[in-house]
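Asker: What follows is a single structure, and I will ask about it in a moment.
Protein chains: 2
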Amino acid sequence: MMNTQNTNQITIFKALADSVRLDIIEYLKHVDREVTCGEVGKALNISKTSGSYHFKLLQEAGLIITRKEAREKYVRLNSVTFDKFVTNFYKNI
Amino acid sequence: MMNTQNTNQITIFKALADSVRLDIIEYLKHVDREVTCGEVGKALNISKTSGSYHFKLLQEAGLIITRKEAREKYVRLNSVTFDKFVTNFYKNI
DNA sequence: TAAATAGTTCAAGAATATTTGAACTATTTT
DNA sequence: AAAATAGTTCAAATATTCTTGAACTATTTA
Numbered sequence: 008m009m010n011t012q013n014t015n016q017i018t019i020f021k022a023l024a025d026s027v028r029l030d031i032i033e034y035l036k037h038v039d040r041e042v043t044c045g046e047v048g049k050a051l052n053i054s055k056t057s058g059s060y061h062f063k064l065l066q067e068a069g070l071i072i073t074r075k076e077a078r079e080k081y082v083r084l085n086s087v088t089f090d091k092f093v094t095n096f097y098k099n100i
Numbered sequence: 008m009m010n011t012q013n014t015n016q017i018t019i020f021k022a023l024a025d026s027v028r029l030d031i032i033e034y035l036k037h038v039d040r041e042v043t044c045g046e047v048g049k050a051l052n053i054s055k056t057s058g059s060y061h062f063k064l065l066q067e068a069g070l071i072i073t074r075k076e077a078r079e080k081y082v083r084l085n086s087v088t089f090d091k092f093v094t095n096f097y098k099n100i
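As you go down the protein sequences, you meet chains A and B in turn.
Count along the first sequence starting at 1, add 7, and that's the number in this note's numbering.
Count along the second sequence starting at 1, add 7, and that's the number in this note's numbering.
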């Protein structure tokens with residue numbers, strides 16, 4: 008399996024520069040456990056296709072860790088990357 | 008004079024999600040003093056118009072402090088905002 | 001084994017963001 | 001006073017990002 012993770016500052020900032028992805032991150036941070044893409048999508052009202060797109064970008068930026076189990080894909084925040092680059096995370100200040 | 012500064016997480020991330028603006032920030036961080044837009048533009052090979060656009064976004068995100076003196080506009084990093092939200096800043100990791 | 005479920009991929013369309021050049025204001029230099 | 005310089009604004013062109021639906025793979029359930 009090839010490594011698709013890209014730990015460039017700009018990749019991370021681009022990944023964070025979208026409200027859908029910030030919603031996802033906020034959700035993952037809040038629940039603080041592994042959840043399926045479907046659960047996140049339902050909770051945040053994101054379509055499957057759009058979710059797939061956004062989870063991919065977050066994963067490529069190294070901001071989430073994903074694991075496929077059978078039909079489902081589990082995601083959780085990658086707190087190593089997240090805490091390294093993101094401080095004072097509040098969606099609204 | 009109206010306040011155009013917008014301290015939202017997403018505004019900051021969007022401001023950081025562009026290579027021209029990261030170049031500008033890196034430059035300002037490196038020189039560590041007030042410089043004119045013109046100096047930055049020349050050093051980084053950014054056109055006046057494009058520079059004007061990018062400096063505006065950085066200012067609106069609160070990432071730089073600007074001061075107009077006669078013909079020239081001086082800019083410097085706003086380290087309060089920058090240090091609050093950006094840690095481990097290296098353009099390439 | 002057929003139907004349902006979870007997620008991906010693709011191409012097209014829509015929305016946003018960036019660049020460009022021309023015209024402009026304001027200031028400084030000649 | 002004319003020319004040069006520093007920067008801004010605008011609208012048009014271009015580039016990039018995001019959303020959508022259809023078709024797809026793989027797995028699970030009825």
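Just so you know, even glycine gets a beta-carbon here, dropped at the ideal spot from N, CA and C.
What is the rounded straight-line gap between the Cα of residue 32(A) and the Cα of residue 74(B)?
Answerer: Spanning the two alpha carbons is a distance of roughly 36 Å.
Asker: If we count Cβ pairs, one from each stretch, closer than 8 Å, do we get three or more for the segment 45-63 of chain B versus the segment 89-98 of chain A?
Answerer: They do not touch, by the three-pair rule.
Asker: Under the rule that 16 or more other beta-carbon atoms within 10 Å means buried, what is residue 157(A), buried or exposed?
Answerer: There is no way to answer for residue 157(A), as the model of chain A reaches only from 8 to 100.
Asker: What residue does the alpha helix (DSSP H) around residue 33(A) start on, and which one ends it?
Answerer: Here the alpha helix (DSSP H) through residue 33(A) covers 26-38.
Asker: Just verifying my parser: in three-state terms, what is the DSSP assignment at residue 84(B)?
Answerer: Strand at residue 84(B).
Asker: State the start and end residues of the unbroken alpha helix (DSSP H) segment that holds residue 105(A).
Answerer: There is simply no residue 105(A) to check, as chain A begins at 8 and stops at 100 in what is shown.
Asker: Do you know offhand how far residue 26(A)'s Cα is from residue 19(A)'s?
Answerer: Distance between the alpha carbons of residue 26(A) and residue 19(A) is about 14 Å.
Asker: Give the straight-line distance between the Cα atoms of residue 51(B) and residue 34(A), rounded to the nearest whole angstrom.
Answerer: Using only the alpha carbons, I get a separation of about 39 Å.
Asker: Nearest-angstrom Cα distance between residue 13(B) and residue 77(A)?
Answerer: Computed Cα separation, rounded: 44 Å.
Asker: If we define contact as Cβ-Cβ less than 7 Å, is residue 24(B) a contact residue for chain A?
Answerer: Closer than 7 Å: yes.
Asker: With a threshold of 7 Å between beta carbons, is residue 73(B) in contact with chain A?
Answerer: It does not; no Cβ of chain A falls within 7 Å.
Asker: What does a CB cutoff of less than 6 Å around residue 66(B) pick up in its chain, not counting 5 residues either side in sequence?
Answerer: Taken in chain order, the residues that qualify are 73.
Asker: Is the distance from the Cβ of residue 43(B) to the Cβ of residue 81(B) below 7 Å?
Answerer: Yes, they are a contact pair.
Asker: 7 Å is my cut-off, CB to CB: does residue 95(B) come that close to chain A?
Answerer: Interface residue, yes.
Asker: Identify the residues that DSSP records as bridge partners of residue 79(B): which are they?
Answerer: Partner(s): 76(B).
Asker: Mind listing the chain B neighbours of residue 66(A)? Cutoff is C-beta to C-beta under 9 Å, in chain order.
Answerer: What residue 66(A) touches in chain B: nothing, since even the nearest Cβ is about 17 Å away.
Asker: Smallest Cα separation from residue 29(A): which of 87(A), 70(A) and 91(A)?
Answerer: For residue 29(A), the nearest C-alpha among the options comes from 70(A).
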